[in-house]
Amino acid sequence: MRCIIVDDDKISLALIQEYASDTDGLEIMGTFPSAIEANNFLSKNQVDLIFLDVEMPKMTGLDLLKSLDEKPLIVLISSKEKYAVEAFEHEVIDYLVKPVDYARFVKAYQKAKARLKPAPLDKVTGDSVFIKVDSELINLPFKEILWIEALGDYINIITAQRKLVVLSTMKNIEEKLPQSEFVRVHRSYFVRLGCIKKISEDIILVENKLIPISKSYKKELLQRLNML
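Counted from 1, the sequence shown has number 117 at position 99 by our numbering; the numbering is strictly sequential.
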């Protein structure tokens with residue numbers, strides 16, 4: 019589970035970073051002393067979980083939370099309990115009061131882990147694929163998929179409405195995707211051709227997401243495009 023830590027308190031940030039480093043299943047993508055820096059990072063990168071301090075200058079943790087169009091799982095951290103009610107109105111995973119001990123940190127992580135249950139990839143039927151979510155099979159049309167991203171033993175399937183975490187490999191999903199509609203642009207990414215808005219030297223824009231292109235896949239991508 020990819021995470022970032024946002025806290026202007028150096029001691030607290032270092033402590034949460036140490037806890038995350040010691041916890042199997044967490045990959046720290048970055049640490050930030052301000053919500054503004056974190057917001058800039060999140061505009062170009064996707065994470066699964068944010069450990070987010072509430073009280074920070076210029077932009078508070080709650081301000082950052084409200085500004086996110088696509089919200090990852092959030093664990094709020096504060097030295098005060100008074101923000102807890104508002105925090106849970108935003109459906110945060112947990113609310114930790116400083117100083118945070120490791121047992122309490124692990125409990126918050128377990129809540130996040132339970133929320134991010136992977137959905138196994140199931141059967142493909144024509145122009146869609148069935149994905150198991152909880153006890154139901156959801157029919158996901160390929161035309162709704164924007165891009166697919168590798169996540170260790172899982173993949174993220176991104177649509178305009180949601181993100182699905184699926185127990186699968188990139189190789190497995192490649193065999194199920196219609197080749198006429200999808201192209202691999204990086205070892206960690208497939209994109210739907212119709213969603214590409216712009217291509218630069220080593221980055222493509224899919225909706226508002228910047229996705230890297232590796233040299234080994236760029237030639238095929240350019241060959242697949244309908245260009246004047």
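Think of the CB as a built atom: it goes at the ideal place given N, C-alpha and C, for glycine as much as any other residue.
For E167, the residue or residues it bridges with in DSSP: N174 and Y207
Sheet register partners of L155 (DSSP bridge): K150
Of the listed residues N58, L223 and Y172, nearest to V24 (C-alpha basis): N58
Which residues DSSP lists as bridging D71, in chain order: I95
8 Å CB neighbourhood of C248 in its chain, flanking five on each side removed: No answer is possible for residue 248: the residues shown for the chain start at 19 and end at 246.
Presumed contact (8 Å Cβ cut-off) between E73 and S96, rounded CB distance: 6 Å
Residue-level contact to chain D via CB, H204, 9 Å cutoff: The displayed structure is made up of one protein chain only, and chain D is not part of it.
Rounded separation between A32 and V93 - CA only: 16 Å
Under 9 Å between C-beta atoms of I173 and V184: yes
Option in K100, D171, N190 and F160 with minimal Cα separation from A178: F160
Stretch pair the segment 229-241 + the segment 192-211: three plus CB contacts closer than 8 Å: yes
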